[in-house]
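Here this note's numbering is used: position 257 in the sequence shown is 1574, and no number is missing along the way. Okay, so here's the structure we're looking at.
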Amino acid sequence: MDFNITLRFQPSAWFLGILAELNERYSDWTDGSYDWAAQTTDFLRAPASMPEFDESLFETPLSKRAVGDLLHIGVAVLSGDYPLVRRYVENIRFAFVIGYPRSGGSYLTKELLRTLELDHTRVSEALAHDGFPEIRDTWYDWAGDRPYFHLQSSVFQVAEFLVISNLYYQLKTKRQEGGHWLAPKKMHKIVAWGGSFKMLLGQDRADYLVTLRHPLPTAISIYEKSGGLPRDGLFPARAPRSAIEHWVLTDLLMLGFAQEEVAEMSYFAAVQASWSNFHARMATSGLFLGDRDEIRLVPYGKESLESVVQAYRDRCGNDMPPEPVLIHDKSADFPEAQEAGDRAAADMAATWAQLGLTFPALSRD
1318 MDFNITLRFQ
1328 PSAWFLGILA
1338 ELNERYSDWT
1348 DGSYDWAAQT
1358 TDFLRAPASM
1368 PEFDESLFET
1378 PLSKRAVGDL
1388 LHIGVAVLSG
1398 DYPLVRRYVE
1408 NIRFAFVIGY
1418 PRSGGSYLTK
1428 ELLRTLELDH
1438 TRVSEALAHD
1448 GFPEIRDTWY
1458 DWAGDRPYFH
1468 LQSSVFQVAE
1478 FLVISNLYYQ
1488 LKTKRQEGGH
1498 WLAPKKMHKI
1508 VAWGGSFKML
1518 LGQDRADYLV
1528 TLRHPLPTAI
1538 SIYEKSGGLP
1548 RDGLFPARAP
1558 RSAIEHWVLT
1568 DLLMLGFAQE
1578 EVAEMSYFAA
1588 VQASWSNFHA
1598 RMATSGLFLG
1608 DRDEIRLVPY
1618 GKESLESVVQ
1628 AYRDRCGNDM
1638 PPEPVLIHDK
1648 SADFPEAQEA
1658 GDRAAADMAA
1668 TWAQLGLTFP
1678 ALSRD
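As structure tokens, then:
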């Protein structure tokens, strides 16, 4: 017995924006004015509007190829035809930068792009950063009262990402000595589909760079990027000020906290709970499936982060020194939060150890 189904696929704004860029229809988001990896500026900047284009965008040979590839790869991902997907990206080696926000991931992604001689301010945040593809392990909105179709849209966005990365890096960068093109990507959302992603790509098809930072300086860095520590010291659950604060709130709602409860939590306690949730999920996500040597754990710090960049520079024949990592030491300003932060880091190390994994020792910067 056969059943016929119809799928309605609407290309995402991210895919269309990057496709417009490849067709040299540049938008404000790649004019060099927005440094998404800046170590000192905040995330409160309004997102750039998407480029305006008409149907002529899809008339170019490049666009026709991209759309044709997308339909084939989208159906392949949806139907489980992983050999087709692997053949399609056989000349690309991904460098996935994975980590909780404010743990050095943006710095590392930016420096990998600069290793490829790309100006990171002219590489769209959508392609390089962690918003796209939108991968979630929930299929509906958080209140559960309307369908959100995350499963279908996530599958197609994975296909969009594979197609647009394949085209972008082959067009914009040089082939590496090993015969492949390197494709850096900040990808913290991969923890939702860690095992599935690794099985889709296959073993030894990507580098997985996991950045890790102590929860106390992480929280300090998040509020500094979000407009400062609220006067009452509580987490602004009723009006999150940045994408990261929205993410923290969503994490806690998924853990069963009511929004009113989160609004009564200290800023440090809220971030710490989200931090613990992320790293526990990472350990059980399937990210460590197969050869664990594919995973490089990178504790936050000047030497550890810059050494990763230097290793890629050496491999790519780029003699430009890494941009220095800016390290602050503000945890001492919050002695009342230090014990809880240290305990969270120790508890996570114990959780990973029970699963046969090693969680590195983390300092408070």
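Every residue gets a Cβ at the ideal spot worked out from N, C-alpha and C, and that includes glycine.
Around the Cβ of residue i, are there at least 16 other Cβ atoms within 10 angstroms (buried) or fewer (exposed)?
i	result
residue 1645	exposed
residue 1504	buried
residue 1638	exposed
residue 1456	exposed
residue 1671	exposed
residue 1656	exposed
residue 1520	exposed
residue 1680	exposed
residue 1325	exposed
residue 1571	exposed
residue 1381	exposed
Do residue j and residue i have their beta-carbon atoms positioned less than 8 Å apart in this structure?
i	j	result
residue 1410	residue 1523	yes
residue 1480	residue 1394	no
residue 1526	residue 1613	yes
residue 1546	residue 1584	yes
residue 1513	residue 1603	yes
residue 1501	residue 1445	yes
residue 1557	residue 1616	no
Which partner residues of residue i appear in the DSSP bridge assignment?
i	result
residue 1414	1503 and 1526
residue 1440	Paired residue(s): none; residue 1440 is not in a bridge.
residue 1378	According to DSSP, residue 1378 bridges with nothing at all.
residue 1468	Note: residue 1468 sits in no beta bridge, so no partner.
residue 1325	Residue 1325 pairs with nothing; no bridge assigned.
residue 1564	In the DSSP output, where bridge partners are listed per residue, residue 1564 has none listed.
residue 1498	1409
residue 1551	1583
Check the C-beta distance from residue i over to residue j and give it rounded, since I have them as a contact under 8 Å.
i	j	result
residue 1340	residue 1388	That belief does not hold up - the Cβ atoms of residue 1340 and residue 1388 are roughly 18 Å apart, past 8 Å.
residue 1416	residue 1528	3 Å
residue 1662	residue 1534	At roughly 11 Å, the Cβ-Cβ gap does not stay under 8 Å, so residue 1662 and residue 1534 are not in contact.
residue 1451	residue 1474	6 Å
residue 1569	residue 1600	Rounded, the Cβ-Cβ distance is 19 Å, inconsistent with contact.
residue 1467	residue 1453	5 Å
Review point. Is the segment 1489-1499 touching the segment 1542-1553 in the sense that three or more CB pairs, one from each, lie closer than 8 Å?
Key: no
Practice item. Kindly confirm or deny that the segment 1422-1438 and the segment 1620-1640 touch, where touching means at least three C-beta pairs closer than 8 Å. Key: yes
Review point. Do three or more CB pairs link the segment 1417-1428 to the segment 1615-1622 at distances below 8 Å?
Key: yes
Check your understanding: Counting pairs of Cβ atoms below 8 Å between the segment 1596-1613 and the segment 1572-1581, do you hit three or more?
Key -> no
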